[in-house]
Amino acid sequence: MARAAPTRRTVIRLYLYPLWLRLWHWSNAVLFLVLILTGISMHYADLTSPWVPFRVARVLHNLAGILLALLYLGFLIGNAVSGNWRYYVPPCRGLFRGVRKQLHYYLVGIFRGEPHPFHPSERSKFNPLQQVAYLVVMYVLMPLLVGTGVLLLFPEWAPERVLGWGGVWPMAVAHSGVAFLLTLFLVAHLYLATTGERVAENFCAMVRGWHEVAAAEEADDGKDALLDPKALEPSDR
Amino acid sequence: MERMRFWIRRLWSRRIGKAAVVLLLILLGGLLLYRVAYPRFFEAYTGVVNAELTYDSSVRLTEAEFEALAEELTREARLRRAEAVTADVQDPFTRELRIKILMSTPSFRPEREYRHIEYFREAGIRQYEGPKTCLRCHETITVRTPEGTLKRVNTMEDVLESVHFKFQRTAPGFTTYGYDGREVNAEESRPIPVGKIDRACGIPGSFSWTGWAALIRTRPHGSDQVVLRSEGCGQCHIGGGYHPATEKMMPIGDVPEEVKQGIDCLICHSQTYDMNYRYVIQDEHGLRWNQDRTMRAAMTVGLPTSKNCLYCHQHNMGGDLFAHNVAAQNLGYKNPRILHGGAKRANPFSPESDVHAAAGIQCTDCHRPVGHKIPRGTKGTDLVANDLPGVEVACENCHTTAPHTQGEYRVILNGHVARLACETCHIKALEPTNVVLRDWVHPTWDEEEGMYVPTDVYRTGEAGKGFTYLWFNGYGTFLANALGTNPVNPDGYNPLMEQLVRLDPDQLREALMPVLEELGKRYEDLDPETYVQEVANTLSALPPEMVEKRRQVIEEKLRPLMKRGQSKIYPFKLFNAMMYEDMSNQGPFGAMILPFDYPTYYETGDPQAAVKAAIQHPIVRRMYQLPFKAYMMDEFMAYFGVEEWKDVYPLQDGELVNVEPHWMRQMATLMVNHGIQREGWGCQDCHRPNGILDFAALGYPPERVRDLENLPELERLQALRQGD
Amino acid sequence: MAGQPSGSGVVLLLGLFLLSSAGANSENAFCFRCHRMETLGYLDPETGELVSLFVDPVAFGRSNHRELSCVDCHDPGFGEYPHPSSLQAERLDCRNCHQENQELAEYRFPELIEEFQASVHVRKLGDRFSCFSCHEPHLFRVTRQEPNVQRVVETDNGICLSCHASPITFRALTDREFPELIRSHRWLPNAQLHWRHVRCVECHTPHTERLSHRILPAEEAEQNCVACHSRNSILLTKLYRHRTQEARERLGFVNSVILNDAYLVGATRNLLLDRLSVVLFGLTVLGLGLHGMGRWLARRRQGGR
């Protein structure tokens, strides 16, 4: 409801991000930063390295890693219990078209001042691009990251041989690779969070839990909402 | 009353209550069936008898008798100690005086010679009534497990589950492999009860049910009267019933309480047990073995010593004719036990014949018991149950792998330990009574004892004849053949096609001829030469296709087992017996042998009649019926190398059907581990042509045989010695 | 052992030598007749310990000394049995061969012996410590001949642990209190894992071009993680020295280490991947930056309108 809205737009406040979700999101964020920093410190360890000292980095990385794994477990459980997982399931039809539409908006429309092609609602709070990205991040990359991390922490659990190579180093390569991809995701995630109506809008929503949507459009999308809005997930927009 | 009825009605009025009552009734009914009906059914089906067991030797003493006996036992024990202390005094008179002095020396008298005398005095125990007397104080005992932890166990349960009571094991823990290559009762198999209880054997000629207790009417030389003699497997077993612990063969059920009370605690625990009480008695229920339940025996109880073990075990170690067999000199106040001429292992454990016994080492020093379970060791060729399968009983436990500590050749002798078992050098001979070939089919009249006995056509304790040397990795086949192979040439050694089935006919002819000539007088159709050929080549009893199958089974099923682990050369006592066999159940390694009925055999000398009598025993009949076949016989025969148990009962209309007399298809090989001599074989006893080790038969390649038989080092040593 | 060997014995011995093919191996075959017996040995009356005289012929055949005849090192008197008792006190010294021999120049023995003299073992134990304390000459095999690094670690650490993990052997050499390894290495994360994959001497020797024989005491040993966990890891000159010399040129360090199934945080980095990740990261940031800039410009234009 920030800047002067067109007359037919009234603002509706949606409680999309319940407390557990916001707590999870921000702890996750902090742990990610710690892990990235210490991970880089160890990967680029050197006598003259300006990063965190190796010994400190090792302890911090292990600690943050274990917490992150636990958090991820909590996320899985919370998601399953609250029904939040449904937002991640892409629709059977129109996904490709939707992704193209969203991409077109980011690459062209946004510069022309076109309206967002999709709006979060109680029924569907991610746009198609988000849906695909989050599905991959939360259900493919995260398990890989946590899994390889646990195996590096307990190398005796690592399979003796993977594809004919030793058991530990493929884990390590996979761990670093996935971590790097997730770092890229984090950067993009941060940037795209600024593409709301206002730059800080989405950040505020993730802190307070309330998302603000123009009412007219909301009515189109969300009148037959099936889901409890309390169980909804954050959006970047 | 009114109240109770109210509650019952209230319970009945609800569905859940009704269900509970029905369930309770079913449980009660089941319990009743299990505790009352099942044992009756079991006894009816197997034909075994159980009854209250009483013993005349169990007598109540008066106070005065008790004190007099206590005094006497204490004096006797002290006297024995005084005699031991003065053993090296040469002059008899001096020794007598010294003994007298010691007997009255206060410090020589410990507080108590036998601690239980005091316990009995205080507890008012004046009569020994079997286990229930012991259990008054020893209801539970604390045992130290091989892992070193302490455990409290119920004493009676501990004894009932021991091999000494049930002679079988229905669990893994055998070192025996079937000819089908499977470990007996291995984890993944269907376990069956196996052990001495159900394993027919050519040495006793019977098995535990048909030969449990028998009274034999003998006519000794120079006497017109019939003398009753005792015979049977039960003489050495701690259960006192009318049959072995048959109930323990089944997965359910238990031996009845009256049978538990028949356990003979004192034969193992008393220092003054009198073997003269061990004879067969007959009462209205049948035949069973008597026990010493006198207070004289009870008052000296303690931990078992070698003496206790040897009451029974000297029978199979030294043999009954061994000069220092204590039990064989106390044959019974009534119906004296029959002595067995041929010895099973013929390696006695006694101070006269074994260096460890001479040093005062007790059986339980090596065979360390855990409660009433006693380890047999981790190696074994024969199908005997073992209470503690994983527990090692081995020379190395004490002597290390470098046992020779003195002398010029200690290093090279220690070198031999990698290939030779200690026994190989340190048992140079077995007792001459060692039976190698026992013929049950042609009995001999024993003039002195006045009865027919199986003919031991070959007895010898000599190396290479009475026992041989084989590679052994600790495992054995179902018919007691040592498994193992020459590590230098693993495929070039095959005792089951060579030395265990082919004996030297010339050597045999020479040894057997005198006996065979004697036998020929009674058995006119016995041709000595055919006889020698048959026993010299035991495979001759097999049809050619069966021999081929045997060769194939050895290579496919046994060869991999032979190559397992680390083989060493061990001495093995050799044995074979001619018995009647059920030819319907023949495989490449032998056929099911049939038991003999002792009284018929000993009294009539008619082995066929003895077989007919024995197989009419209800339990043998049951063996040839479907439930028993399904419960264990099929599995048993699979280990035996026979696909399936053919339940064709070999007695039809009073005639034996498809039954033939044969030698077993190979010599059995039994471990010999006692009778250890300090001085072993010397170098040249083996390292010379025709030495006691047949290197070629042991699978060494020809050039190695030449080398081993002509060691250049030895020639040099000899030359050096002569030069000295 | 009085008197001369008799004629027949000598002839037999000679015959045996002639029968087999010439060379050290055939002479050794005679010794191996007894010394291949696994249990050849005796209990030392003084210590009660087992003294094994077993030499594994297979391991000896793989060792660096395989070309030698037994009596090249041992007194020729040992060539006959029974061995003369006068030889029981025989003391061997590696330097007899190694110090002078030009063929062995590459091992730089004089230098090696200096290092050895300066090692903590010799400083603390003096004469009680010799080459044989660590090196069993019948089995000795230089590291570069063993392609499997894991086996190198096992063998070499086995040498150290034969004393340092056994209080009995340790106390036989010194009165010092037996230090529990796990306690003295408490500072080292995942100590067991380290011991399985690197040698004690990686940290317990100074960082020289070639593995030094100067074994360092605990207080002088390397304790800086980054010494190994970095791109110029000291393992390059130590554990992986021989591996890398041949394989590095061909495959690069990472690959050669990977071929040995090892992973080392901070050291096993693929430079290509590292660079690729930096470039990708840069491109992402750049792309997003440009996008943001575009948005800003667009909004200004729209705002202007």
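Protein chains in written order, with this note's numbering: chain A, 1 to 237; chain B, 1001 to 1724; chain C, 2001 to 2305. Just so it is clear, CB atoms sit at the ideal spot from N, CA and C, and this is done for glycine as well. Just so it is clear, the structure is predicted and the values come from calculations on it, not from any experiment.
key: Chain-ordered residues of the region 20-46 of chain A with a beta carbon less than 8 Å from chain C   = Met42, His43, Tyr44, Ala45, Asp46
request  = Identify which residue in Pro1443(B), Asp1198(B), Tyr1624(B), Ala1613(B) has its Cα closest to the Cα of Ser1208(B).
outcome  = Asp1198(B)
inquiry  = So the candidates are Phe1349(B), His1356(B), Glu1423(B), Pro1256(B); which of them puts its Cα closest to the Cα of Arg1035(B)?
reply    = Pro1256(B)
task = For Met1623(B), collect the residues of the same chain with a Cβ closer than 7 Å to its Cβ; drop the 5 residues on either side in sequence, then sort them by chain order.
result = Met1633
request  = Taking Thr2039(C) as the query, report the chain B residues whose CB atoms sit under 8 Å from its CB, ordered along the chain.
outcome  = Thr1401, Ala1402, Asn1414, Gly1415, His1416, Val1417, Ala1418
inquiry  = Can you list, in chain order, the residues of its chain with a C-beta nearer than 6 Å to that of Glu233(A)? Leave out the 5 residues immediately preceding and following it.
reply    = For Glu233(A), the pLDDT reaches just 42, beneath the cut-off of 50, and the residue's location in the model is therefore unreliable, although a value from the coordinates is still provided. Here the set comprises Asn84, Tyr87, Lys125.
task = Would you please verify whether the beta carbon of Gly83(A) is less than 8 Å from any beta carbon of chain F?
result = Absence of chain F from the displayed structure is noted, the protein chains being A, B and C.
key: Closer than 8 Å at the beta carbon, the chain A residues around Thr2284(C)   = Leu184, Val187, Ala188
query = Does Arg55(A) have its Cβ less than 8 Å from a Cβ in chain C?
reply = yes
ask   = Going by the CB atoms, is the gap between Pro1191(B) and Trp1440(B) shorter than 8 Å?
value = no
ask   = Closer than 8 Å, CB to CB, is Cys2073(C) near chain B or not?
value = no
request  = Using only alpha-carbon positions, find the residue among Val2152(C), Arg2196(C), Cys2094(C) that is nearest to Leu2339(C).
outcome  = Lying outside 2001 to 2305, the shown extent of chain C, residue 2339(C) is not represented and no answer is given.
message = Tell me the residue span of the beta strand (DSSP E) that contains Ala1020(B).
response = Taken as a continuous stretch (DSSP letters only), Ala1020(B) belongs to no beta strand (DSSP E), being part of the alpha helix (DSSP H) at 1015-1032.
request  = Excluding the 5 residues preceding and the 5 following Glu1352(B) in the sequence, name in chain order all residues of the same chain whose CB lies nearer than 6 Å to its CB.
outcome  = His1324
message = Arg2199(C) and Leu2239(C) - do their beta-carbons sit closer together than 8 Å?
response = yes
query = With a Cβ-Cβ cutoff of 8 Å, do Ala57(A) and Met42(A) count as a contact?
reply = yes
request  = Have a look at Tyr1469(B), Arg1721(B), Asn1486(B) and flag the residue whose alpha-carbon is nearest the alpha-carbon of Leu1500(B).
outcome  = Tyr1469(B)
ask   = Using a Cβ-Cβ distance under 8 Å, would Arg2231(C) count as near chain A?
value = yes
query = Rounded to the nearest angstrom, how far is the Cβ of Gly1342(B) from that of Ile1593(B), given a contact under 8 Å?
reply = About 17 Å; that fails the 8 Å criterion.
inquiry  = For Gly113(A), would you say it is in contact with chain C, using Cβ-to-Cβ distances shorter than 8 Å as the test?
reply    = yes
request  = Work out the CA separation of Cys2228(C) and Arg2151(C) for me, nearest whole Å.
outcome  = 20 Å
task = May I ask you to list, following chain order, the residues of the region 1254-1280 of chain B that have a beta carbon less than 9 Å from some beta carbon of chain C?
result = none
request  = Starting from the C-beta of Ser2212(C), find all residues in its chain whose C-beta is less than 7 Å away, skip the five residues before and the five after it, and write them out in chain order.
outcome  = Glu2115, Thr2205, Pro2206
query = For Lys1465(B), which three-state DSSP category applies?
reply = coil
message = I'd like the list of long-range same chain contacts for Leu67(A), defined as Cβ closer than 6 Å, with 5 residues on each side in sequence excluded.
response = Leu31
query = At a CB-CB cut-off below 7 Å, which residues of chain C make contact with Glu1449(B)?
reply = Residues of chain C passing the Cβ test: none, with the nearest at roughly 50 Å.
request  = Since I believe Leu1430(B) is in contact with Gly1476(B) (beta carbons under 8 Å), could you give me their beta-carbon distance rounded to a whole number of angstroms?
outcome  = 19 Å between Cβ atoms; not a contact.
request  = Just list the alpha helix (DSSP H) runs in the region 1544-1600 of chain B, keeping only unbroken ones of 4 residues or longer that don't cross its boundaries, in chain order.
outcome  = 1544-1553, 1559-1562
task = Report all residues from its chain with a CB closer than 7 Å to the CB of Met1004(B); omit the five preceding and five following residues, and keep chain order.
result = none
message = Quick check: what's the CA-CA separation for Tyr2263(C) versus Val173(A)?
response = 9 Å
key: DSSP bridge partner residues for Glu1231(B) (one or two, in chain order)   = Ala1214(B)
message = To test your reading of the DSSP string, which unbroken alpha helix (DSSP H) runs of 4 or more residues are found completely within the region 82-169 of chain A?
response = 95-104, 128-136, 142-153
query = Could you give the residue range of the alpha helix (DSSP H) that holds Leu1670(B)?
reply = Not the alpha helix (DSSP H): Leu1670(B) falls in the beta strand (DSSP E), residues 1668-1671.
ask   = Which stretch, first to last residue, makes up the beta strand (DSSP E) that contains Val1660(B)?
value = Here residue 1660(B) is Glu; the residue named in the question, Val, does not match the sequence. Counting along the chain, the beta strand (DSSP E) containing Glu1660(B) begins and ends at 1659-1663.
ask   = Among all the DSSP beta bridges, which residues are the ones paired with Trp1289(B)?
value = Val1280(B)
key: Bounding residues of the alpha helix (DSSP H) (the contiguous stretch that carries Tyr2263(C))   = No alpha helix (DSSP H) contains Tyr2263(C), which DSSP labels as neither H nor E.
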